[in-house]
Structures are given as C-alpha cells and as structure tokens.
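Everything on this sheet refers to the single structure shown next.
As structure tokens, this is what we get:
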C-alpha cells in the first residue's frame with residue numbers, strides 16, 4: 001500500500017489529511033496556502049503510484065482540491081470588480097459550507113475504508129462452514145405438487161367454513177398426567193443391568209414398553225441423569241443415528257441403587 005500524500009509548504013508540512021483538518025477548523029486560512037505548490041507535489045507523488053490501484057485516492061484529491069481553488073478564488077477576487085451574476089456566484093463560493101461538507105465526506109469515507117480494512121484483516125482467516133443435508137433427511141422432504149388453482153382453494157375454504165360445526169374447546173391437553181421419574185429411572189436401570197455384557201442397548205429398546213410420550217421423556221431424563229453421574233456410557237455414530245446406552249459394570253455397586261437424585265418424584 002502506498003504511503004499517504006504529504007505536503008511541504010512554508011506555512012505547513014505534513015499529511016494532506018491534516019491540512020484539510022486545519023482548514024476545516026479555521027486554524028489555517030485558505031489565502032495562506034499555495035495550492036499550485038500542493039498540486040505540483042501531488043502530481044510528483046502520483047507519478048510514483050500504480051494508477052490501477054490508486055485511482056480512488058487521485059480522484060478524491062482532485063475533488064477536494066477543486067473546492068479549495070473555488071473557495072480561495074472567492075476570497076481573492078474583489079467583489080466590486082465583478083458583475084452582478086459573477087458577484088452572486090462569488091458570494092455563494094465564499095460560503096465554506098460546501099468545502100466543509102466535502103471535507104466531512106472525505107473524512108467519513110476514509111474512516112469507513114479504514115474500518116473495512118481492519119475488518120477484512122481480522123476475518124481473513126475465517127471461512128463459513130457450508131450447511132449440509134444428510135441423505136436420510138433429504139428423503140423425508142416430500143415434493144410439493146400443486147394440483148389445485150387459487151379458485152379451487154377458495155371454494156374449498158368457503159365450504160369448510162360453511163359446514164363446520166360449532167367447536168368446543170377442550171382443556172384436557174392442559175393437564176398432563178404425572179409420571180414418577182424414579183420409577184422410570186428404575187425401569188431403565190433394570191433394562192441396562194439385565195443386558196449384562198451384551199451389546200449396547202438402544203434408546204428405542206429402552207422405551208419400547210413406554211405407554212405415554214411423557215414416559216419416554218422421563219426415561220430420557222433418567223439416562224441423562226445416569227450419564228451425568230458416570231454410571232452409563234452413551235454412543236452415537238452420527239447425528240440422527242440410534243443412541244446406544246451401556247451400563248458400566250464397574251459402577252454397579254450398592255452405592256448406585258438410587259442414583260437419580262431429584263427433589264420430587266413426580267413432574268408434569
């Protein structure tokens with residue numbers, strides 16, 4: 001990356017950005033600046049640059065320099081020597097609002113560019129992980145085939161609404177039956193201990209005799225409690241595969257009779 005442009009004037013020596021800041025803060029008068037000297041130095045500077053990579057910097061300098069020249073011309077030319085139209089034009093140029101706006105815009109774009117540069121450098125070693133869809137899941141996604149038009153759907157919807165009986169709201173689903181977590185944990189423990197040295201027991205086998213979904217949930221919580229206490233070993237080859245559970249014989253002692261520690265035996 002090329003170094004920033006520096007100017008060397010009798011009134012000021014330093015980066016061009018700082019010169020713009022001094023002008024915008026009115027710490028340096030435009031009439032004290034030799035714009036021709038600044039331009040000559042910049043021309044010599046850009047001769048050393050690759051224009052393909054520094055075109056933005058050159059165009060920014062030309063834009064700001066043109067505003068500086070207009071503003072300085074407005075201060076140097078006497079008003080009484082100009083006609084009314086030219087005097088009105090010079091009066092507009094005397095206002096530094098345009099210059100300050102351009103300086104602020106220049107500084108804003110430069111700050112944004114530096115922020116982008118820092119962000120690119122900070123994240124240059126990061127790569128997004130592509131999402132994958134397993135073949136098993138892809139087969140579960142049905143292909144949607146629309147055989148009805150919008151008019152057909154509208155007629156069906158109107159018929160359903162017209163023929164629908166008065167609905168009664170049931171609250172039975174709000175009262176989930178209680179299940180004893182300790183008892184379900186005991187069932188899981190017995191299944192695992194009876195397996196002995198046999199191959200691992202799958203989770204599907206552990207819930208094969210469960211009658212309610214809440215019992216399945218309770219047995220899964222029991223397995224998690226066993227795993228947390230280190231008395232079972234869990235194994236799953238890959239996502240969505242069968243979960244294999246094995247009771248650790250070395251933990252099969254009298255101390256593990258009541259390994260599920262819960263404050264209350266029931267949960268809803």
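Numbering (full-length UniProt numbering), first residue to last: 1 to 268.
Cβ atoms here follow ideal geometry from the backbone N, Cα and C, with glycine treated the same way.
Which whole-angstrom value describes the C-beta separation of residue i and residue j, a residue pair presumed to lie in contact below a C-beta threshold of 8 Å?
i	j	result
residue 216	residue 207	5 Å
residue 240	residue 136	6 Å
residue 232	residue 192	7 Å
residue 235	residue 200	6 Å
Using the Cα positions of residue i and residue j, report the straight-line distance between them to the nearest angstrom.
i	j	result
residue 115	residue 125	17 Å
residue 227	residue 221	10 Å
residue 118	residue 130	25 Å
residue 178	residue 158	42 Å
residue 267	residue 183	For residue 267, the predicted model reports a pLDDT of 42, less than 50, meaning its position is unreliable and no value from the coordinates is stated.
residue 96	residue 111	Note on residue 96: pLDDT 49, under 50, position unreliable in the model; the coordinate value appears next. Residue 96 and residue 111: Cα-Cα distance of roughly 22 Å.
residue 230	residue 123	40 Å
residue 153	residue 144	15 Å
residue 214	residue 133	30 Å
residue 205	residue 196	15 Å
residue 168	residue 156	23 Å
residue 139	residue 151	32 Å
residue 243	residue 237	8 Å
residue 263	residue 190	Below a pLDDT of 50, predicted positions are generally treated as unreliable, and residue 263, at 42, falls in that range; the measurement from the model is reported next regardless. Distance between the alpha carbons of residue 263 and residue 190 is about 22 Å.
residue 142	residue 165	32 Å
residue 120	residue 146	46 Å
Comparing alpha-carbon positions, which option in the options lies nearest residue i?
i	options	result
residue 203	179, 247 and 156	247
residue 212	138, 180, 157 and 140	180
For the alpha helix (DSSP H) containing residue i, list its first residue and its last residue.
i	result
residue 135	135-140
residue 213	213-228
residue 243	From DSSP, residue 243 is part of no alpha helix (DSSP H); its letter is neither H nor E.
residue 231	No alpha helix (DSSP H) contains residue 231, which DSSP labels as neither H nor E.
residue 187	181-195
residue 157	150-163
residue 210	Residue 210 -> no alpha helix (DSSP H), and no H or E assigned at all.
Is it the case that the Cβ atoms of residue i and residue j are separated by a distance below 8 Å?
i	j	result
residue 219	residue 245	no
residue 225	residue 185	yes
Where do the N-terminal and C-terminal ends of the beta strand (DSSP E) with residue i fall, by residue?
i	result
residue 144	Unbroken run through residue 144: none, as it is neither H nor E.
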